[in-house]
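Following: one structure in structure tokens, then a few remarks.
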Amino acid sequence: MLTSISSTLNHSTVKNIALVCFADLIVGISYGALALSQGFDWWVPLTLSILVLAGASEFLFIGVIFAGGSPLSAALAGLLVNSRHIPFSFATSDLTGKGAKSLLGYHIMNDESVVFGLAQETESEKRAAFWLCGIGILLCWPIGVVIGEVLGSFISDTHIYGMDAMFPAIILALSLPALSDKRLRLTAIIGAIIAVATTPILPAGIPVLLALLSLVIYIRK
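Here the UniProt record's numbering is used: position 69 in the sequence shown is 69, and no number is missing along the way.
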């Protein structure tokens, strides 16, 4: 299935999607090892990785529980972070498919699949990129979690190996070519400032949402 989907896309797009999926796998390793080190049973992060499939909310969930919060408050915090999927669903309504297929389509809808899907030129390329990235992450994220749980018995602190930095590093590398546009570069800088300034005082995931306010500048000019 993935082979037939990828044949619609150019080599560069497929390569970039593969890099992002690989980065997700690495972050999944960090997440699985972290969850295990914080005392969670192996099935908890694995179940979340399959059913939730949203890294930020999953990290937040185990973080709230580990800090002494209730499962309900952890779940509500995760739902708040995932509220960005509401506008995503409107933007990708033509990409997720119809009927029963849309259930899987909306499940694999995440930041990466939405970005790759909307970045393509033709409708067929948009659908192909969305599904290739979405299914790739659906496979790579849980696999990474399982690997992380296995390695978690030997790695006490995943931050020592810098695994948590790989995903943002790859995303930054993929974003650099687009920053040649002056307006987009200014928008990105302002968004980054907002995110960095609010990160110490707001829950994980919220600063990224606030950074979207910088898009007003790009749209108005």
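Backbone N, C-alpha and C define an ideal beta-carbon position, used for all residues, glycine too.
Where residue i sits in the DSSP three-state scheme
| i | result |
| --- | --- |
| N110 | coil |
| T198 | helix |
| S7 | coil |
| P207 | helix |
| T47 | helix |
| T13 | helix |
| K182 | helix |
| T92 | coil |
| K101 | helix |
| S70 | coil |
CB-CB length for residue i against residue j, believed under 8 Å
| i | j | result |
| --- | --- | --- |
| V20 | E112 | 5 Å |
| L202 | A188 | Rounded, the Cβ-Cβ distance is 20 Å, inconsistent with contact. |
| I26 | W131 | So it is not a contact: roughly 22 Å between Cβ atoms. |
| Y106 | T96 | 5 Å |
Endpoints, alpha helix (DSSP H) assigned at residue i
| i | result |
| --- | --- |
| S83 | Where S83 is concerned, there is no enclosing alpha helix (DSSP H), given that its DSSP letter is neither H nor E. |
| K126 | 123–151 |
| V52 | Per DSSP, V52 belongs to no alpha helix (DSSP H) and is neither H nor E. |
Residue i vs residue j beta-carbon contact at 9 Å
| i | j | result |
| --- | --- | --- |
| C140 | G32 | no |
| A35 | I62 | yes |
| N110 | A74 | no |
| A129 | T47 | no |
| L51 | A77 | no |
| S124 | T8 | yes |
| G39 | F22 | no |
Separation of residue j from residue i, as counted between CA atoms
| i | j | result |
| --- | --- | --- |
| G134 | P200 | 31 Å |
| E58 | I137 | 14 Å |
| I147 | S49 | 13 Å |
| L213 | S30 | 30 Å |
| V81 | D24 | 18 Å |
| L72 | V44 | 15 Å |
| I193 | A211 | 8 Å |
| L118 | G99 | 21 Å |
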